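A.B. asks: According to our numbering, the sequence shown holds residues 279 to 448 in order.
Even glycine gets a Cβ: it sits at the ideal position worked out from N, Cα and C.
Bear in mind the structure is a predicted one, so any value in this text is a computation, not a measurement.
Sharing a structure here in C-alpha cells format.
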Amino acid sequence: MDKSYIFMLFTFIVGAVFFLLVPKAQYKRYLLYGIVLGGFVHGLIASASSYMNLLKYTNMGPFSVMGLIPAWTPIAWSFSFAVFFYLMPRRRAFLIPYLLAFTGLDYIVGLVLEAYGLFTYIGSYRYFALLTFLVWYSVAAWIFYRDPQANVLLPVAAKTLPEEKRDEEK
Numbered sequence: 279m280d281k282s283y284i285f286m287l288f289t290f291i292v293g294a295v296f297f298l299l300v301p302k303a304q305y306k307r308y309l310l311y312g313i314v315l316g317g318f319v320h321g322l323i324a325s326a327s328s329y330m331n332l333l334k335y336t337n338m339g340p341f342s343v344m345g346l347i348p349a350w351t352p353i354a355w356s357f358s359f360a361v362f363f364y365l366m367p368r369r370r371a372f373l374i375p376y377l378l379a380f381t382g383l384d385y386i387v388g389l390v391l392e393a394y395g396l397f398t399y400i401g402s403y404r405y406f407a408l409l410t411f412l413v414w415y416s417v418a419a420w421i422f423y424r425d426p427q428a429n430v431l432l433p434v435a436a437k438t439l440p441e442e443k444r445d446e447e448k
C-alpha cells in the first residue's frame with residue numbers, strides 16, 4: 279500500500295471515533311469548534327512550520343495541498359479536537375491532567391507517523407512540538423471554556439439543539 283493513504287486511513291479512524299463517542303445531537307456544536315480550533319489552526323501551524331523549515335511532510339501522494347500538507351490532516355485534526363472538546367472535563371481541577379494527556383497522545387501519534395516516514399521533524403522542533411501541542415490545546419480549551427458562543431461560532435452555537443428544547447420544556 280502506498281504510504282500516502284495512511285493519512286486517509288488515520289482520518290477515517292479518528293472520524294469513526296468521533297461518530298462513536300459524540301451523540302448525534304451534538305455533532306454540529308463540537309465539530310464546528312473542531313474545524314475552527316483544530317483543522318484551521320493545524321493548517322496555519324503546519325504551513326508556518328513548513329515555511330520555517332521546522333517540519334516537512336513526505337509521501338503525500340495525490341493528497342498534497344500546495345506541497346505543504348496532506349489534505350487529510352486538517353480533517354483528522356478537526357475530528358480530534360471535536361472529541362477533545364466533547365470529553366473535556368467540566369471540573370477545571372481535572373483540566374491540567376487532561377491537557378497533558380491529549381498533548382502526550384498527539385505527540386506520540388506524531389512520532390509514530392514520523393516513524394512511518396510520513397513527515398519529519400527538522401532539528402530541535404522534535405522537542406518543541408510538545409510545547410506547540412500544549413499551547414495549542416491550552417488556548418483551545420481556554421476559548422471553549424471562556425465563551426462557549428465565541429464570535430466565530432455565534433450564529434450556529436447559539437441555536438438550541440433538539441434535546442435542549444425538550445429539557446427546557448420540562
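Going by beta carbon distance, what residues of the same chain come within less than 7 angstroms of residue 292, once the five residues before and after it are set aside?
C.D. replies: 354, 357, 358
A.B. asks: Within the chosen definition, does the stretch 404-411 reach the stretch 361-375 through at least 3 CB pairs nearer than 8 angstroms?
C.D. replies: no
A.B. asks: Report yes if the CB atom of residue 351 is closer than 8 angstroms to the CB atom of residue 398, and no otherwise.
C.D. replies: no
A.B. asks: Does DSSP classify residue 281 as helix, strand or coil?
C.D. replies: coil
A.B. asks: Measuring alpha carbon to alpha carbon, tell me which of 385, 311, 364 ends up nearest residue 406.
C.D. replies: Checking every option, the nearest Cα to that of residue 406 belongs to 385.
A.B. asks: Roughly how many angstroms separate the alpha carbons of residue 349 and residue 321, rounded to a whole number?
C.D. replies: 9 angstroms
A.B. asks: Who are the Cβ neighbours of residue 404 in its own chain at under 7 angstroms, not counting the five residues just before and after it?
C.D. replies: none
A.B. asks: Put residue 335 into one of helix, strand or coil per three-state DSSP.
C.D. replies: Annotated three-state conformation of residue 335 is strand, per DSSP.
A.B. asks: Over the uninterrupted beta strand (DSSP E) stretch that includes residue 397, give me the two end residues.
C.D. replies: Residues 397-399.
A.B. asks: Is it buried or exposed for residue 313, if we count other Cβ within 10 angstroms and need 16 for buried?
C.D. replies: buried
A.B. asks: Does the Cβ of residue 307 have 16 or more other Cβ atoms within 10 Å, making it buried, or fewer, making it exposed?
C.D. replies: buried
A.B. asks: What runs of the beta strand (DSSP E), each 3 residues or longer, lie entirely inside the stretch 349-414?
C.D. replies: 397-399
A.B. asks: If you draw a straight line from the alpha carbon of residue 285 to that of residue 326, how long is it in whole angstroms?
C.D. replies: When only Cα atoms are considered, residue 285 and residue 326 end up about 20 angstroms apart.
A.B. asks: Can you tell me which of the three DSSP states residue 300 falls into?
C.D. replies: coil
A.B. asks: Classify residue 388 as buried or exposed, calling it buried when 16 or more other Cβ atoms lie within 10 Å of its own Cβ.
C.D. replies: The residue in question, residue 388, is buried, as its Cβ has 16 or more Cβ neighbours within 10 Å.
A.B. asks: Quick check on residue 317: buried or exposed, where buried means 16 or more other Cβ atoms within 10 Å of its Cβ?
C.D. replies: buried
A.B. asks: Taking all protein chains shown into account, decide if residue 383 is buried (16 or more other Cβ within 10 angstroms of its Cβ) or exposed.
C.D. replies: exposed
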